[in-house]
Amino acid sequence: MLKLYNTWRGYLLILLAVLSNPLHAKETLHIAVASNFKPVLQTLVKNPALKNLNIKISAASSGVLHSQIMHGAPYDIFLSADAARPQALIKDGFAIKSSLTTYAIGLLALWQPSTGAINNKLAIANPRFSPYGQSSAHYAKNYINPPYEFVYANNITHAFQFVETGNAAKGLVALSTLKAAYKKNNDKKYLNYELVPINQYPEITQQGVIISASRHLAAAEQFMAFITQPSTAKLLQTEGYKTKEAHVSK
Amino acid sequence: MLASDVTALWLTIKLAFITAAILLVLCIPLAWKLASYKGRLKPILEALIAMPLVLPPTLMGFYLLVLFSPTHAFGQFWFWLTGTQLAFSFQGVVIGSLFYSLPFVMQPLLAGFKQINTTYNQAAVALGISPIKRFFYLTLPLLKPSIGSAFALGFAHTLGEFGLVLMIGGNIQGETQVVSIALYDHVESLNYGAAHQLSLVLLAISFACLVLLFKFNKTVINGDANRA
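Protein chains in written order, with the working numbering: chain A, 1 to 250; chain B, 251 to 478.
Here you go:
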């Protein structure tokens with residue numbers, strides 16, 4: 001038996017065992033997703049409409065994923081938190097132009113868990129590289145009364161953590177994060193927010209693309225069709241996003 | 251280089267200096283005790299000290315963020331004491347760095363004390379010299395290279411601190427925006443030119459630190475036994 005592992009026949013047997021794994025009967029789809037959308041995506045992939053796909057999810061900030069794709073990361077689909085990065089990938093030939101889709105529009109909420117202000121710190125995502133941050137900074141500068149002092153978080157979820165841990169009195173966070181947190185913990189403090197009117201900040205358009213190097217194009221197209229279909233859009237709205245369809249009908 | 255980068259650089263050097271100095275003061279008596287301690291808790295204590303070597307800095311950062319919170323007892327105590335908040339402040343980053351660089355200051359000191367505590371110390375004990383006198387006139391002078399290494403390693407390691415400051419810092423210029431955060435900021439905002447420049451400066455400083463370390467404290471780093 002031991003000798004078997006040292007011979008080429010042994011390796012062949014192991015290889016056969018791996019290849020015949022039932023998981024590979026399904027087509028594998030590797031999705032790179034901006035962290036803020038990951039919880040929703042995890043719910044979405046459980047949908048029976050996608051049961052023929054074996055979906056792997058890699059979550060990071062859009063900037064990190066963008067640079068990974070430029071360096072040959074083996075993703076099939078990129079769901080970014082902005083519009084600039086997918087479009088840049090198309091321009092540089094890393095993504096398929098016709099696949100460009102607006103799958104969600106991010107919504108901002110001003111969250112202040114307790115009324116007793118502990119400080120004048122306002123947590124926002126860093127406007128230098130986060131699209132949520134750019135919209136947050138725009139809104140804060142024009143519509144929030146001073147005094148407040150910005151603290152810059154790495155991304156919109158990190159801004160949420162600054163407020164959640166009580167280190168910042170209030171913060172501009174994603175509505176979707178608040179909804180997800182409420183669903184998970186059922187704590188009333190996640191309801192103490194004001195939805196920021198969408199005409200008071202630049203729209204946070206989250207776009208997705210299929211990566212040119214993908215070897216699972218049919219599966220990728222199936223997923224892109226799924227993520228924009230009306231039933232998915234309805235679910236996204238309950239999870240704290242706006243969608244294109246809703247935009248048209250209103 | 252951008253003015254904000256110069257600020258970040260000075261802030262980082264200040265942070266590294268303060269952290270290494272505080273750690274030396276805290277660690278010298280601790281290492282002195284621990285080097286001669288042979289009780290059952292020794293492996294546990296040594297493991298505790300080495301923990302920051304293996305823990306992800308973001309994890310330490312997250313728990314510090316929780317600890318610093320004004321809703322937490324420690325955060326409240328600090329506020330009562332100083333009237334300021336620890337998260338997003340330079341003091342907060344210093345406290346984080348103390349955890350982050352602890353093993354780097356502690357290990358050279360422990361190694362130094364372990365060597366000294368043998369023959370020289372026994373001779374001094376035989377001559378009837380008091381423990382306090384032994385510490386100041388025998389141990390500390392013999393320990394000089396170890397102290398130098400401990401300081402330099404603590405300093406150099408703090409220069410590159412990232413995940414922890416990212417978690418508790420809030421990226422505030424002149425307060426919590428250290429070099430690594432400024433670099434991250436440049437890369438994420440696709441400002442590669444500024445990132446390259448800043449990296450080069452950081453590289454040069456770190457290299458100079460380590461060259462000085464190896465030049466003056468070869469024995470400690472390489473673990474040569476025949477010194478002094």
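Idealized CB from N, CA, C, for every residue including glycine.
Extent of the continuous alpha helix (DSSP H) to which residue i belongs
i: B:Asp294; result: The question names Asp, yet the displayed sequence has Ile at residue 294 of chain B. Looking at the DSSP string, the run of the alpha helix (DSSP H) that includes B:Ile294 is 292-304.
i: A:Ser58; result: Where A:Ser58 is concerned, there is no enclosing alpha helix (DSSP H), although the beta strand (DSSP E) it sits in stretches over 53-60.
i: A:Thr238; result: 230-238
i: B:Tyr434; result: 429-438
i: A:Lys170; result: Looking at the DSSP string, A:Lys170 is not in any alpha helix (DSSP H); the run it does join, the beta strand (DSSP E), is 170-174.
i: B:Gln357; result: 340-366
i: A:Ile90; result: 84-91
i: A:Tyr291; result: There is simply no residue 291 of chain A to check, as chain A begins at 1 and stops at 250 in what is shown.
i: B:Tyr313; result: 307-318
Sequence-distant residues of its chain with Cβ nearer than 7 angstroms to residue i (five each side left out)
i: B:Ala402; result: Cys459, Leu462, Leu463
i: B:Thr262; result: Leu409, Val428, Val429
i: A:Ala59; result: Val33, Ser35, Lys38
i: B:His407; result: Ser351, Phe354
8 angstroms CB neighbourhood of residue i in its chain, flanking five on each side removed
i: A:Ala246; result: Its pLDDT being 46, under 50, A:Ala246 is placed unreliably in this model, and the coordinates cannot settle the point.
i: B:Ala253; result: none
i: B:Asn421; result: Gln427, Ile431, Asp435
i: A:Asn142; result: Gln200
i: B:Tyr287; result: Leu295
Among the options, nearest to residue i - alpha-carbon criterion
i: B:Ile366; options: B:Ile379, B:Arg384, B:Val316; result: B:Arg384
i: A:Ala137; options: A:Leu110, A:Leu41, A:Ala81, A:Asp187; result: A:Leu110
i: A:Ala153; options: A:Pro39, A:Gly171, A:Asn145, A:Asn199; result: A:Gly171
i: A:Thr101; options: A:Lys91, A:Pro86, A:Leu108, A:Asp92; result: A:Pro86
i: A:Asn120; options: A:His71, A:Pro230, A:Val163; result: A:Val163
i: A:Ala159; options: A:Asn145, A:Ile144, A:Pro147, A:Leu178; result: A:Leu178
i: A:Tyr103; options: A:Phe78, A:Ile124, A:Gln161, A:Leu122; result: A:Phe78
i: B:Gly404; options: B:Leu265, B:Lys283, B:Thr369, B:Ala281; result: B:Leu265
i: B:Leu360; options: B:Gly325, B:Phe324, B:Ser399, B:Ser456; result: B:Ser399
i: B:Trp282; options: B:Tyr442, B:Leu303, B:Ser396; result: B:Ser396
i: B:Gly419; options: B:Thr308, B:Ser439, B:Gly362; result: B:Thr308
i: A:Ser80; options: A:Ala225, A:Asn145, A:Ala95; result: A:Ala95
i: A:Asn192; options: A:Val151, A:Ile211, A:Glu149, A:Ala169; result: A:Ala169
i: A:Pro147; options: A:Ser135, A:Ile118, A:Gly133; result: A:Ile118
Whole-angstrom distance between residue j and residue i, CA atom to CA atom
i: B:Thr389; j: B:Ile268; result: 24 angstroms
i: B:Ala475; j: B:Glu411; result: With a pLDDT of only 46 at B:Ala475, under the threshold of 50, the placement of this residue in the model should not be trusted; the figure read from the coordinates follows. Their backbone Cα atoms lie some 32 angstroms apart in a straight line.
i: B:Gly333; j: B:Phe327; result: 9 angstroms
i: A:Lys176; j: A:Gly240; result: In the sequence under discussion, the amino acid at residue 176 of chain A is Ser, which differs from the Lys named in the question. Rounded to whole angstroms, A:Ser176 to A:Gly240 spans 4 angstroms at the Cα level.
i: B:Trp330; j: B:Pro320; result: 10 angstroms
i: A:Thr228; j: A:Asn52; result: 18 angstroms
i: A:His66; j: B:Phe466; result: 45 angstroms
i: A:Ser249; j: A:Ala213; result: Any reading at A:Ser249 is ruled out, since the residue's pLDDT is 40, under 50, leaving its predicted position unreliable.
i: A:Tyr190; j: A:Ala180; result: 9 angstroms
i: A:Gln207; j: A:Asp82; result: 6 angstroms
Span of the beta strand (DSSP E), counted from its first residue to its last, around residue i
i: A:Lys121; result: 121-125
i: A:Gln207; result: 204-210
i: A:Thr28; result: 27-34
i: B:Ile455; result: That residue, B:Ile455, is in no beta strand (DSSP E); its alpha helix (DSSP H) goes 442-466.
i: A:Ile198; result: Where A:Ile198 is concerned, there is no enclosing beta strand (DSSP E), given that its DSSP letter is neither H nor E.
i: A:Phe78; result: 77-79
Own chain residues within Cβ distance below 6 angstroms of residue i, not counting five before or after
i: A:Ile198; result: none
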